[in-house]
Amino acid sequence: MNLKLIPLGIFLCLACAVAQPPPPPAEPALKDALAGKFYLGTALNTAQITGRDAEALPVITRHFNAIVAENCMKSGQIQPREGEFNFTLADRFVDLGERNNLWVTGHTLIWHSQAPRWFFVDDQGKDVSREVLIERMRNHISTVVGRYKGRVKGWDVVNEAILDDGSWRDSKFYQIIGEDFVRLAFEFAHAADPEAELYYNDYSMANAGKRAGVVRMVQKLQQQGVRIDGIGMQGHVGLDYPALSDFEQSLEAFAALGVKVMITEFDLTVLPSPWQNAGAEVSANAAYSEKMNPYPNGLPDSVSQAFDQRCLDFFKLFLKHQDKISRVTLWGVNDGDSWRNNWPIRGRTDYPLLLDRQNRPKAVVRAIAKEAAATSGR
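For the sequence shown, the positions run -19 to -1, 1 to 359 when mature numbering (1 follows the signal peptide of the UniProt record, and there is no 0) is used.
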């Protein structure tokens, strides 16, 4: 080539093109990195479901292949007054999942929290009879599950019925019906959609007491001939709790029951807790103080690295037991969506998910993808 014949502008462009370094590799899509291992899901909020958060859908469909309703399917929102069902937002949630070929999970049919007060009382404000509450349960579950028959693939049928020591939570369902309320809920859900998968879901599942209590409950349901397809281990964890060995022991104990295991609400807080080894009791809260909100403007490198390592350790555990785990669901799309910013102390800034507030994958995502690739041949 005769360089003297090349115009100066073109020569400079050629020089820039030659000198320019190659672009960095694109961050892996989370769902692709974990393909063949388990579904990777996320919880959707109102803004994401309605499209008000316009940036959310491309992020959701790129990184996730499963979704769960964060709030719009809870009984207080679905049936705020007896017989008055509001399916507007739930319909849009299910439609979004179907249009984008996502595994859709309904959350949750029976939960003591965020249930409408009328569910448990009569016109005089007194507790209803066992028979009335059972019929209200039957009607609610049959109506909701029946509406989405064949469309919602799995349901969190009962949420958080067992305490950390393994005893029954003294909820209104338990006070009025007794432990049979769990059996009845699963039976009603199965009757409404015989093909849907049915799950029990709870937090602090690494605790030995809760582990034993859930195992006892599920074994009794199985002995009664009740269909239960899976156990959801809410993964609300911190930098120093729970011990991975305890989490693994519970995972193995639940899988030994012959049911699927799901990590249903994974997030990893980096913030201090007002209580040691906090679980996820939504009614608990504490007062705000600046010392309890140490990273309002971003994480120090040391904390960010600790997050990455702890998160990777959990995903290594999930990959180790991929034959037992059917789904890992993050409780939110990005850090800004997370309930952790307001629980147990409102107004804090937390960093608990795999995508930052700008929907950018964190450094640990590439490490998880590398670990997943390494397990493919095992």
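Here a beta-carbon is modelled for each residue, glycine too, at the ideal position from N, C-alpha and C.
Distance check for residue j and residue i, CA to CA, integer angstroms please.
i      : j      : result
Phe154 : Asp183 : 16 Å
Leu83  : Val126 : 18 Å
Ala96  : Thr356 : 42 Å
Glu65  : Met54  : 14 Å
Gly131 : Trp320 : 30 Å
Gln286 : Asp227 : 23 Å
Ser148 : Ala28  : 37 Å
Asn188 : Asp145 : 7 Å
Val207 : Asp282 : 50 Å
Gly190 : Ala35  : 43 Å
Ile115 : Tyr332 : 41 Å
Phe167 : Ser270 : 43 Å
Val199 : Ala193 : 10 Å
Val163 : Arg327 : 32 Å
Arg43  : Ile306 : 22 Å
Asp161 : Glu233 : 26 Å
Ile59  : Met273 : 35 Å
Val40  : Thr330 : 22 Å
Phe247 : Asn322 : 14 Å
Glu8   : Phe19  : 20 Å
Ala71  : Glu63  : 18 Å
Ser94  : Arg111 : 19 Å
Gly106 : Tyr181 : 30 Å
Asp174 : Arg128 : 9 Å
Arg119 : Arg73  : 24 Å
Lys201 : Val240 : 14 Å
Thr69  : Arg338 : 28 Å
Arg341 : His121 : 39 Å
Gln230 : Val113 : 40 Å
Using 8 Å for Cβ pairs, my map puts residue i next to residue j. What's the rounded Cβ distance?
i      : j      : result
Leu335 : Leu38  : Between Leu38 and Leu335 the Cβ distance is about 18 Å, and since that is not below 8 Å, they are no contact.
Asp103 : Ile157 : The Cβ separation is near 12 Å, so there is no contact.
Arg291 : Leu249 : 6 Å
Val251 : Val218 : Rounded, the Cβ-Cβ distance is 11 Å, inconsistent with contact.
Leu90  : Ala170 : 6 Å
Val49  : Thr310 : 6 Å
Val196 : Met186 : Rounded, the Cβ-Cβ distance is 11 Å, inconsistent with contact.
Gly135 : Thr86  : 5 Å
Leu298 : Leu238 : Not really, about 19 Å apart at Cβ, beyond 8 Å.
His88  : Asp151 : Incorrect: roughly 23 Å between the Cβ atoms, too far for contact.
Pro325 : Pro255 : 6 Å
In this structure, does DSSP put residue i in helix, strand or coil?
i           : result
Thr330      : coil
Leu21       : strand
Lys153      : helix
Gly211      : strand
Ala350      : helix
Pro342      : strand
Ser285      : helix
Lys301      : helix
Trp99       : helix
Lys45       : In the sequence under discussion, the amino acid at residue 45 is Phe, which differs from the Lys named in the question. Three-state result, Phe45: coil.
Asp104      : coil
Met118      : helix
His171      : helix
Trp324      : coil
Gly127      : helix
Lys191      : helix
residue 362 : The requested residue 362 does not occur in the structure, where the chain is confined to residues -19 to 359.
Asp183      : strand
Val251      : coil
Leu83       : coil
Once you ignore the five residues that flank residue i on each side, which residues in its own chain have a CB closer than 7 Å to its CB?
i      : result
Leu77  : Ile30
Ala14  : Ile349, Ala350 and Ala353
Gly159 : none
Glu51  : Ala24, Leu25 and Asn26
Asp318 : Asn26
Ala236 : Val242 and Lys305
Phe296 : Ile349 and Glu352
Asn46  : Lys12, Tyr20, Leu21, Leu83 and Trp84
Leu300 : Lys18, Glu352, Ala353 and Thr356
If I measure Cβ to Cβ from residue i and keep anything under 8 Å in the same chain, skipping five residues before and after, which residues do I get?
i           : result
Ala172      : Ser123
Pro61       : Asn67 and Pro97
Asp289      : Lys343, Ala344, Val345 and Ala348
residue 365 : In the structure displayed, the chain extends from -19 to 359; residue 365 sits before or after that span and is not available.
Trp92       : Lys55, Ser56, Val139, Asn140 and Glu141
Arg117      : Glu63, Phe100 and Val109
Met303      : At residue 303 the sequence reads Gln, which differs from the Met that was named. Excluding sequence neighbours, Gln303 sits near Lys18, Phe19 and Thr356.
If I measure Cβ to Cβ from residue i and keep anything under 6 Å in the same chain, skipping five residues before and after, which residues do I get?
i      : result
Glu141 : Asp183
Ile244 : Met214, Gly216 and Val309
Trp99  : Glu63
Using a Cβ-Cβ distance cut-off of 8 Å, determine whether residue i contacts chain C.
i      : result
Pro333 : Here there is only one protein chain, and chain C is not present.
Would the segment 269 to 277 and the segment 202 to 221 be scored as touching if the rule is three or more Cβ pairs under 8 Å?
-> no
Is the segment 66 to 85 touching the segment 335 to 351, taking contact as three or more C-beta pairs under 8 Å?
-> no
Assess, as a yes-or-no matter, whether the segment 311 to 330 is touched by the segment 19 to 28 under the definition of 3 or more beta carbon pairs within less than 8 Å.
-> yes
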